[in-house]
Amino acid sequence: MASRTVTVLTVHGRRQTVKVEPNMTILEILETVCRKYNFPHDEYDLLHHNKVLDLSTMFRFAGIPNNALLEMAKAKQARTEDDVIVQLQLEDGSRSENGTFKPSQSLLDVLVALCPVRAVAEAHPVLVYMRREVYWEQLGTTTLKSLGLTRGRAALRLLQRRAEEPKVQANVSAPLPQAVRREEPAKPAATVPLSETVPVAASTVPDEEPQAPPPPPTHLVEKESKVIVAEAEESSTSVAEPLPDTTASEQRPVDAPRPEALITILGEREAILYHASTAERYQTDVADSFFELTVPEMMQLYKQLQDRVKAFEDAPLLTGELRELERNQQLLSNMNRYRQAVIRVQFPDRHVLQGVFQVHETVGHVVEFVRGFLADAKQSFYLYTTPPKVVLDQPTVSLIDAGCFPQVLLHFSLDSPTPSDSTIDPAGFCLKPELLGRLSNATGAAVLAGRAKRNVASTSSDSRQESTSASHPIELVSSSQDTAAAGPSNRIPNRNFRQSSSTPTQSTNEREAKILKFLKK
1 MASRTVTVLT VHGRRQTVKV EPNMTILEIL ETVCRKYNFP HDEYDLLHHN
51 KVLDLSTMFR FAGIPNNALL EMAKAKQART EDDVIVQLQL EDGSRSENGT
101 FKPSQSLLDV LVALCPVRAV AEAHPVLVYM RREVYWEQLG TTTLKSLGLT
151 RGRAALRLLQ RRAEEPKVQA NVSAPLPQAV RREEPAKPAA TVPLSETVPV
201 AASTVPDEEP QAPPPPPTHL VEKESKVIVA EAEESSTSVA EPLPDTTASE
251 QRPVDAPRPE ALITILGERE AILYHASTAE RYQTDVADSF FELTVPEMMQ
301 LYKQLQDRVK AFEDAPLLTG ELRELERNQQ LLSNMNRYRQ AVIRVQFPDR
351 HVLQGVFQVH ETVGHVVEFV RGFLADAKQS FYLYTTPPKV VLDQPTVSLI
401 DAGCFPQVLL HFSLDSPTPS DSTIDPAGFC LKPELLGRLS NATGAAVLAG
451 RAKRNVASTS SDSRQESTSA SHPIELVSSS QDTAAAGPSN RIPNRNFRQS
501 SSTPTQSTNE REAKILKFLK K
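Taken in order, the sequence shown gives residues 1 to 521; the numbers are from full-length UniProt numbering.
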């Protein structure tokens, strides 16, 4: 990648070229120039197109192009350094208390003052500010002023990561491996006289075209009249013989084999533990023409949008009771389809604990389930969902009301981490140490989740068959009664006839009673 540079025009007419980096602040550029010519950097500003630049802004966000010309001008008043209020944001979303620091203080001082538990080399702390990552080895030499923080407030993100580890992100597709093409052995080069290759090329010319007169005979040296056979074969096959078609398997990339399912049951509820890094995503290369919409597709999308707008406009006004009834009906249909909930709890070190729960169970059952796998069972913690962050702090709430049905990913966080908890294991592993030798993988977790759903589907299908077989005689009796009732004296009512309001109210009460009866079971 080409290096980025800017040219600074000093107050005495000199031009100084400075190499810059994306994470370099405008203040560092000014200090570099002032240090070379012994100028006090507090008394000068940098201008770009007669606009004063913010010295605390990084080069990547300043909007300055490469090889730009910056002018050095006298500031209206000398800059003074004020105290900076800093706050740390942890990986679980919680924030530390505010701290006041001088711009000349290092980031290590900030970490020791705000989070002394993580201020150890074994914890591998990383402070992130404006996409600039500062690792443990650089915390002592990096000051707030070098980040552009000379006044105001700032929030730094605290992570735990080794410098040599790659940046791992969740739900990111892994690139497919490139196809390896087999190289055919080169044919031995042979030499033939030039006169032998002329009839081959001449024979490929159609008979309809007039043949050109033969060239006059020339006497050539034998060494100059010899050519490589490979060139003659290429020229002849390009005209007479078609090239062999390459198979589709050679053109398409070879798919990497999917990992086998590794399942290790840890206890009841089909509990398994795996690391989130074992979840791989595969990405298929799609041509750019796939994303270009045709005229019929555009018309279809436009029609769909018109239908949605019309549905919103023509939708009747629903009361609170009707909305609650629709919600209960949706819950009832989901419960008929899924009788079990798959709960996954992710810890700060990206280990995921999975268990299977019944519909009628509550959040307290999930908390006790997680507590059974902790190294310290008396440790205070809480579970939450994100985004947005919603803490599940009511243990009596059912999984349906908490939004944990039929499948959910919860996050684990400690209420108040103590220094002893983090010094025992700086990596943040809160589970029992013996569980590390009984890990499963993400494929096995998906197999268990699908197995639970299949068992529920088979059970529900059997119950439907029994209910339909038992309801056939009742339907026959009711149909006969309807047939007998429909006579000349009992006229069939018109379908447009509006019934009384008492009928929907009775049906609504019956549905609510059925739903409540099902929930109690």
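Ideal Cβ placement from N, Cα and C applies to all residues, glycine included.
{"query": "Distance between T278 and F39 (C-alpha atoms, nearest Å)", "result": "55 Å"}
{"query": "Whole-Å CB distance - V397 paired with T362, under 8 Å assumed", "result": "6 Å"}
{"query": "Length of the line joining the Cα atoms of S3 and I26", "result": "17 Å"}
{"query": "Paired residues, beta bridge with K74 - DSSP", "result": "Y44"}
{"query": "Residue from R161, K19, C34 whose Cα sits closest to the Cα of E91", "result": "R161"}
{"query": "Nearest neighbour of G267, chosen from F101, L439, L144 [CA to CA]", "result": "L439"}
{"query": "Pairwise C-alpha distance: T385 and M299", "result": "39 Å"}
{"query": "Inter-stretch contact (C-beta, 8 Å, three-pair minimum) for the segment 69-76 and the segment 92-100", "result": "no"}
{"query": "According to DSSP, residues forming a beta bridge with H351", "result": "H275"}
{"query": "D42 versus H48, N50, L53, L30, residue with shortest Cα-Cα distance", "result": "L30"}
{"query": "Where K19 sits in the DSSP three-state scheme", "result": "strand"}
{"query": "E270 beta carbon less than 7 Å from that of L435", "result": "no"}
{"query": "Coil, strand or helix - L9 by DSSP", "result": "strand"}
{"query": "DSSP state of T32 mapped onto helix, strand, coil", "result": "helix"}
{"query": "Cβ distance (whole Å) where T141 is taken to contact S106 below 8 Å", "result": "7 Å"}
{"query": "Spatial distance of A485 from P316 (CA atoms)", "result": "The predicted model places A485 with a pLDDT of 41, which falls under 50 and marks its position as unreliable; any figure quoted below should be read in that light. Going by the C-alpha atoms only, they are around 35 Å apart."}
{"query": "For R344, the first and last residue of its enclosing beta strand (DSSP E)", "result": "340-346"}
{"query": "Close beta carbons around E81, own chain, < 8 Å, minus the five adjacent residues each side", "result": "K102, P103, S104, K145, T150, R151"}
{"query": "Buried or exposed (CB count within 10 angstroms, at least 16 for buried), residue 525", "result": "The displayed coordinates of the chain run from 1 to 521. Any statement about residue 525 would go beyond what the structure contains."}
{"query": "Element boundaries [alpha helix (DSSP H), containing Y384]", "result": "Segment 381-385 is the beta strand (DSSP E) holding Y384; no alpha helix (DSSP H) there."}
{"query": "CB of G364 within 7 Å of CB of P406, strictly", "result": "no"}
{"query": "DSSP-derived helix/strand/coil call for F59", "result": "helix"}
{"query": "Rounded Cβ spacing between V345 and F412 (contact assumed at less than 8 Å)", "result": "5 Å"}
{"query": "Bridge partners - P125, DSSP secondary structure assignment", "result": "Q160"}
{"query": "Supposed close pair P125, L111 - CB separation, criterion 8 Å", "result": "6 Å"}
{"query": "Cα-Cα separation between L353 and I272, rounded to whole angstroms", "result": "6 Å"}
{"query": "Reduced DSSP category for S413 - H, G, I as helix; E, B as strand; rest coil", "result": "strand"}
{"query": "Whole-angstrom distance between V342 and K310, CA atom to CA atom", "result": "38 Å"}
{"query": "Where E361 falls: helix, strand or coil (DSSP)", "result": "coil"}
{"query": "Inter-residue Cα distance where the pair is N23 and D54", "result": "14 Å"}
{"query": "Straight-line Cα distance separating P348 from V391", "result": "16 Å"}
{"query": "Boundaries of the alpha helix (DSSP H) in which Q306 is found, first to last residue", "result": "295-314"}
{"query": "Proximity of A154 and Y274 at Cβ, strictly below 7 Å", "result": "no"}
{"query": "Nearest-angstrom Cα separation, counted from L88 out to C34", "result": "33 Å"}
{"query": "Exposure of Y302, with buried meaning 16 or more beta-carbon neighbours within 10 Å", "result": "exposed"}
{"query": "Residue of L262, L139, V359, F59 minimising C-alpha distance to A121", "result": "L139"}
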